[in-house]
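J.:
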Amino acid sequence: MTKQIRSSEDWKHYTKYYQQLLKNKIEDFVKLYNEYILQKAKLMMDDCIKDVNFQSQRQLKKLTDTYMKKKQFLPELEILKSEALDEYVKQHVLSERLKFEKKPSKEALGTMHDLIGKARKEFKTNPTYIGCQVEQFKEIPKVLQRIMLYYRCFLLQLPLYESAKTLLEKIKENTVITIATSTGS
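Taking this note's numbering, the leading residue of the sequence shown gets -9, the next gets one more, and so forth.
1) Is it buried or exposed, residue 28, if we count other Cβ atoms within 10 angstroms and call 16 or more buried?
2) Apart from the five residues on each side of it in sequence, which residues of its chain come closer than 7 Å, Cβ to Cβ, to residue 26?
3) Using C-beta distances below 6 Å, list every residue in its chain close to residue 260, excluding the 5 sequence neighbours before and after it, in chain order.
4) Would you tell me roughly how many angstroms separate the C-alpha atoms of residue -8 and residue 124, rounded to the nearest one?
5) Nearest-angstrom Cα distance between residue 85 and residue 106?
6) Buried or exposed: where does residue 71 fall if 16 or more other Cβ atoms within 10 Å of its Cβ makes it buried?
7) Where residue 50 and residue 145 are concerned, what is the direct C-alpha to C-alpha distance, given to the nearest angstrom?
8) Taking only the alpha-carbon atoms, compute the straight-line gap between residue 30 and residue 96 and give it to the nearest angstrom.
9) Counting only the same chain and skipping the five closest in sequence on each side, list residues whose C-beta sits under 7 Å from that of residue 176.
10) Quick one, which of 164, 36, 126 and 24 has its alpha-carbon nearest residue 68's?
11) Measuring straight from C-alpha to C-alpha, what distance separates residue 156 and residue 15?
12) Can you tell me whether residue 126 sits near the ligand ATP, meaning its C-beta is under 7 Å from at least one heavy atom of the ligand?
13) List the endpoints of the continuous alpha helix (DSSP H) containing residue 56.
14) From which residue to which residue does the alpha helix (DSSP H) around residue 92 run?
15) Report the option in 54, 36, 42 and 111 whose CA atom is closest to the CA atom of residue 22.
16) Put residue 156 into one of helix, strand or coil per three-state DSSP.
17) When you compare the CB positions of residue 161 and residue 83, do they come within less than 8 Å of one another, or not?
18) To the nearest angstrom, how far is the alpha carbon of residue 78 from that of residue 108?
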């Protein structure tokens, strides 16, 4: 039975970036491997000519195994996951140029960057997201949703958004907190 990850627009965009980065990385790996094996094959030709008992297939397998140990692909996948998230944020948050009725304050902009930065850092360091199993990929949409929530709250220019960092710290330190605003919310 195939496990699927619930699809959303955010997830579709993220996977598009991830697949493109993966395709490019595979092409790079193939190119590097071909260059490596061609170089080694030229050296093997002399051995084949000089030694009748030389086993080229065994030597090629040995060279391939050595190359695969030196140039592992799985660690690259983790880097690509992070790069895809960075591209997602760049395309869907940072590059958005919208017109506001009221220009957002520097504090609100700083808050958005801080909150999104924390989500990105957590994505890169939290073991929940590290790995290439379905379980790790299933967690990615939650990070995307959180990033977009931060961004959309910024777009709405909610009154408490500028002080979100301070409020979150207070919530972390205290069990209960009451906040009153000028609008009565």
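Heads up, the beta-carbon is just placed ideally off N, CA and C, and yes, glycines get one too. None of these values were measured; they are calculated from a predicted model.
T.: This is what the structure gives:
1) exposed
2) So the list reads 57, once near-sequence residues are dropped.
3) What the structure shows of the chain is the stretch from -9 to 175, and residue 260 is not part of that stretch, so it cannot be assessed.
4) Residue confidence for residue -8 is low, a pLDDT of 46 falling below 50, so the modelled location carries little weight and cannot support an answer.
5) 14 Å
6) Looking at its Cβ environment, which holds 16 or more other Cβ atoms inside 10 Å, residue 71 is buried.
7) Note on geometry: alpha-carbon atoms of residue 50 and residue 145 lie some 58 Å from one another.
8) Answer to the nearest angstrom: the Cα atoms are 58 Å apart.
9) Residue 176 lies beyond the residue range present for the chain, which begins at -9 and ends at 175; the question has no answer from this structure.
10) 126
11) 41 Å
12) As presented, the structure is devoid of all ligands, the ligand ATP included, so that no description of it is given.
13) Its alpha helix (DSSP H) spans residues 46 to 60.
14) Run containing residue 92: none; DSSP gives neither H nor E here.
15) 54
16) helix
17) no
18) 15 Å
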